[in-house]
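Protein chains in written order, with the numbering used here: chain H, 123 to 548; chain F, 58 to 492. Here is the structure we will look at.
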Amino acid sequence: MNITTTTEQGLIIGRVEKPEAETVSIYLSAQVCPENSPAITAKMILFTELLLSGTATFSRDQIQEKFRLLGSNIDVSYAAGRITLTVSTLANKIKPTLTLLTQIINNPAFSLAEIKRAKQTLINQLELAKEDAKGIAHAQLNNAFIHSSDNRYKHSPESLSLCVTKISQSELKAVHKLFLNRQWTMTVGGAESSLNTVIQTIKKIKKGYLSEIPETVVAALDSHKPAQLLQHEVKSKQNLELSFGAALPLNLQNPDLAAFQFGLAVLGKWGGFAGRLMSTVREKEGLTYGIYARTEEIGLTATGYWRIMSFFSPKDVKRGITSTLREVKKIHEKGITTSEWERFIDILKTGERLTYDSLSSTTALVHGNLLLGRSWVDYQAYRQKLYSCTQKEVNLALRKYLLPQLVVISIAGPVGKAKEDLATLF
Amino acid sequence: MSKTLKKANTLSKSFRLIKTVGDISEYQLKANGLRVLYKNIPDTGVVTTNITYLAGARDEQNGESGLAHMLEHMLFKPTISDLNIKADASAMRFEREVGVVLNANTWKDRTTYFFSYGKEHFKRAIEIEADRMRNVVLTNKEFLPERTNVLSEFDMYNGDPKFALSVALVSAAFFSHPYGHETIGFREDIESYTIEKLQLFYNHYYRPNNAVLMVIGDIPLELALSTIADSFAHLEPEVSVETRSHITEPKQEGIRRINIERPGTTNILAIAVKHPGFPAAGWYETMIALKFLTDDVCSTLQKKLVDTGLASSIEVSQEPTKDTNIATLYITLTNKTTHTKMEELVLKIIREIDLKHIAKELPGYITKSLASEAFNRDSSLQIAAELTEFTAAGKWEEYFSVKENLNRITPKDIKQRLKSLFAEDQLTIGIYKSF
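In structure tokens, the structure reads:
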């Protein structure tokens, strides 16, 4: 695969070229909102639904039927102030798919009937989200570090529901205007001719609009927030979902980030069984099915937090938390071993290599980096830095940034069943 | 010796070519019956190997549900050779030293283990699979903590109302056929497993003549086969494993119902229908019929239930199992309706779907399914995963017939399929009520 990233006519473009690929994947994102509130988030989520709910020419049903007949998929999502369109199609259907995409981007209808329907559907979906214990545990932890006006803050389903009914047609049209005039980041994966066709079309769509970059206000995180236990009752679940973590005063430009991420991988590499937490808390102690760690919400200039994700049964939750914190403390104090350092260089290299076996995974990887403000060249440089971290650098980073005394523990699920055990933790 | 001659020798001495369909060839190791499916994807530097044992949840005895899945976990424990060098399980070391992608999964008809890795590790991957086919040491020291993990996994699934419904639905839908329990088993059964039960299952089913080894990726044929022969040829087959008894489920003579009540806020109506096994024409017809009902925001039930605010979501599950199984519609209700009213409405909507409407919509659902196939074959890992289902059904060559199977479906087939699937005396209905 041939991968390049460039900036052309205000567009940030990623190209993932695979000769003779039969499929095409397109990601198109715009950072729309510089700040956050329940009203803003609700409006953005409703907008993503309505962008696919009819154009000046076609009804919602007609759009869906046309995509179906082409065998193409389109999805619109919103997260952290950003709207993303994801399109997948066969290479031989790329032109009609792009014709439809152009219609959708340029001329959404925002009909009152569709707005009414979409509001009702969204409120019903938010009702379901109240039972998503894993999502709630993560959101509680996230919100312990991030201010509610920051677009990375995750507003509750309850607060979003209250705002949905108040959104007007003119507000949705204003969001559309903003979307068109923001800088777009696009990544395309496929054969060369497909890439050229997609990029030309998107450039053509964008030609009449601005490419503004919003002044996103990111509040500095409190990296000394004291340890605490956050709980949310979801009675219908059997297990307690947990997110552990602490604020991390590092961004993508910080030279310590690679060493810290290397160390965090040794502690709990995301996916698989290689991390220490999997071999101790899961394998040796049998306390959970999966336990992983990674950094979250870090940007080019924004700092984020590190997080461990797992779940325990109510009867094992005290032991599970104690074991997890023991491993955090151990790696903070003693660092990684020489054997771990040597092995994880290979493990991390293999992980990157296996990604390239899949066109769609590679395209997603490139796009994710562009959204972080990292070109492909920058990403490659980062990977090299990761592979060249010394054991000493990793251990210094863990000592400095993985602070057990600051770990916030967020739990969602049947917390009532573990009330007494949890009360003894803090 | 020239490369060509060596290739010919390996093939004729150790393997017989069974057949080639498309770009996949099937070989059989003469020594013990191990079958190999080989597909070359050059220049990627990556290989996926996948070994599928034709033993799954259907092969378990009463009171031992989930045993196949428990054993799957135990194959990540040390073998005799690992213990000899006082090391962790070789499969785990493979990940912890090299970073391979590895995992396993158990289903109704099969249990599958896979590795995806840089091609220079091919020999190691094959040696690990051969070693753990017969030599895992099953002891309480390894088994007891792992059983706690499986119980934790069970609780993870069981916290999902749809899983709880599924457990009860399959139990009600099957009186005799062994598809009547979920793959992970019942919690009470998991708590009563013993090492002896695991050992019996392992000894019987984990045999070369009951396994299919897939090699997908950037590795030459002759190297693949000679490495496999070196590692597997000494393993003993088990003759009796080849005769899995065929069980015919007694005829269903009326609607069956199950109820679950739990604390919470979710209310779900589940409608389970019986469909032909995979990859028969009827399985594909069922898939398209269910897509027609639920697949995208403008499908029939989405329009009439979600858009009207009666349901907050509709999901469908259909498994590629060898024999007749159930597919299930899960409809999450809003507070605007009741389970009874929803059941009446859904069945009425399905009865009233006319041929003209199906004829209009069908080409789109077929085209979309064909496009999904192209995306499902995006990497060696995905190709192996898809091929696994065809292999477990005993017809790997049908991997190449998906297009043909989908394109021959007519509107009349879908109309007839909907009628037979949703015939009221053949349904199993589940109600999940929160209090």
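Beta carbons: idealized from backbone N, C-alpha and C, even for Gly.
Who are the neighbours of residue i on chain H, taking C-beta pairs under 9 Å?
{"i": "F:T101", "result": "Y478, D479"}
{"i": "F:L438", "result": "L476, D479, S480"}
Going by CA-CA distance only, name the one from the options that's closest to residue i.
{"i": "H:N318", "options": "H:P141, H:L409, H:V154, H:H454", "result": "H:P141"}
{"i": "H:R404", "options": "F:I276, F:I137, F:E199", "result": "F:E199"}
{"i": "H:S480", "options": "H:T126, H:A143, H:S290, H:G136", "result": "H:A143"}
{"i": "H:T179", "options": "H:L222, H:L524, H:E171, H:S333", "result": "H:L222"}
{"i": "H:P536", "options": "H:E355, H:I134, H:W392", "result": "H:E355"}
{"i": "F:F349", "options": "F:E372, F:L86, F:T305", "result": "F:E372"}
{"i": "H:Q262", "options": "H:G426, H:L352, H:E130", "result": "H:L352"}
{"i": "F:M131", "options": "F:D116, F:T168, F:V104, F:N107", "result": "F:T168"}
{"i": "F:L222", "options": "F:Y387, F:Y456, F:T109", "result": "F:Y387"}
{"i": "H:G442", "options": "F:N107, F:T106, F:S209", "result": "F:S209"}
{"i": "F:N495", "options": "H:S358, H:F301, H:L364", "result": "Within the shown structure, residues of chain F are numbered from 58 to 492, placing residue 495 of chain F beyond reach of any answer."}
{"i": "H:G176", "options": "H:V530, H:A415, H:I237, H:Q305", "result": "H:I237"}
{"i": "H:W428", "options": "H:R475, H:F384, H:I226", "result": "H:F384"}
Apply the 10 Å Cβ neighbour rule to residue i and answer buried if 16 or more other Cβ atoms are within range, or exposed otherwise.
{"i": "F:M58", "result": "No answer about F:M58 holds up, because its pLDDT of 49 lies below 50 and its placement is not dependable."}
{"i": "F:K425", "result": "buried"}
{"i": "F:N141", "result": "exposed"}
{"i": "F:I312", "result": "exposed"}
{"i": "H:T460", "result": "exposed"}
{"i": "H:K456", "result": "exposed"}
{"i": "H:R398", "result": "buried"}
{"i": "H:S510", "result": "exposed"}
{"i": "H:G538", "result": "exposed"}
{"i": "H:I335", "result": "exposed"}
{"i": "H:E542", "result": "exposed"}
{"i": "F:H303", "result": "exposed"}
{"i": "F:T196", "result": "exposed"}
{"i": "F:L91", "result": "buried"}
{"i": "H:L487", "result": "buried"}
{"i": "H:N246", "result": "buried"}
{"i": "H:I135", "result": "buried"}
{"i": "F:K180", "result": "exposed"}
{"i": "H:I162", "result": "buried"}
{"i": "F:H238", "result": "buried"}
{"i": "F:T300", "result": "exposed"}
{"i": "F:Q483", "result": "buried"}
{"i": "H:T423", "result": "exposed"}
{"i": "F:L367", "result": "buried"}
{"i": "H:K406", "result": "exposed"}
{"i": "F:L159", "result": "buried"}
{"i": "H:T129", "result": "exposed"}
{"i": "F:L74", "result": "exposed"}
Give me the DSSP bridge partner(s) of residue i.
{"i": "F:A329", "result": "F:T385, F:T485"}
{"i": "H:E355", "result": "H:G535"}
{"i": "H:E139", "result": "H:N124, H:G312"}
{"i": "F:R313", "result": "F:T485"}
{"i": "H:W306", "result": "H:A152"}
{"i": "F:E83", "result": "F:K76, F:L94"}
{"i": "H:T472", "result": "Looking at the DSSP assignment, H:T472 forms no beta bridge with any residue, so it has no partner."}
{"i": "F:K162", "result": "In the sequence on display, residue 162 of chain F carries Asn and not Lys. Answer is F:T169, bridged to F:N162."}
Report the neighbours of residue i on chain F: residues whose CB is nearer than 7 Å to its CB, in chain order.
{"i": "H:Y411", "result": "N206, S209, E210, M213"}
{"i": "H:G390", "result": "Here the premise fails: no neighbours, minimum Cβ distance about 13 Å."}
List the residues of chain H that residue i touches, going by C-beta distances under 8 Å, in chain order.
{"i": "F:F432", "result": "T145, S210, S482"}
{"i": "F:G216", "result": "A255, S358, K359, Q360, N361, G535"}
Along chain H, in chain order, which residues have C-beta atoms closer than 7 Å to that of residue i?
{"i": "F:M149", "result": "F395"}
Check the Cβ of residue i against every Cβ in chain F and list those closer than 8 Å, keeping chain order.
{"i": "H:T472", "result": "V155, G156, V157, Y174, G175"}
Contacting positions in the stretch 259 to 270 of chain H - beta carbon closer than 8 Å to chain F: Legend: CB atoms of the stretch 259 to 270 of chain H lying less than 8 Å from CB atoms of chain F are not found in any residue.
Anything in the stretch 314 to 335 of chain F with a Cβ closer than 9 Å to a Cβ of chain H? List those residues in chain order, please. R319, P320, G321, T322, T323
Residues of the stretch 411 to 428 of chain F whose Cβ lies closer than 7 Å to any Cβ of chain H, in chain order: Taking 7 Å as the upper bound on Cβ-Cβ separation, chain H lies near residues P420, G421, Y422, T424, K425, L427, A428 of the stretch 411 to 428 of chain F.
Residues of the stretch 162 to 194 of chain F whose Cβ lies closer than 8 Å to any Cβ of chain H, in chain order: S173, Y174, G175
Residues in the stretch 115 to 130 of chain F having any Cβ partner in chain H nearer than 7 Å: none
According to a CB-to-CB cut-off of less than 8 Å, which residues of the stretch 367 to 393 of chain F neighbour chain H? Against chain H - using a Cβ distance shorter than 8 Å - the residues of the stretch 367 to 393 of chain F are A368, S369, S370, T389, T391.
Identify each residue in the stretch 350 to 369 of chain F for which the Cβ-Cβ distance to at least one residue of chain H is less than 9 Å, and report them in chain order. Sequence-ordered contacts of the stretch 350 to 369 of chain F with chain H read D352, D353, V354, C355, S356, K360, V363, D364, T365, G366, A368, S369 [C-beta pairs closer than 9 Å].
Taking a cut of 7 Å between CB atoms, which residues from the stretch 243 to 258 of chain F lie near chain H? Under the 7 Å Cβ criterion, the stretch 243 to 258 of chain F contributes no residue.
Closer than 8 Å between beta carbons: that is the criterion. Which residues of the stretch 228 to 248 of chain H meet it against chain F? R239, Q242, T243, N246, Q247
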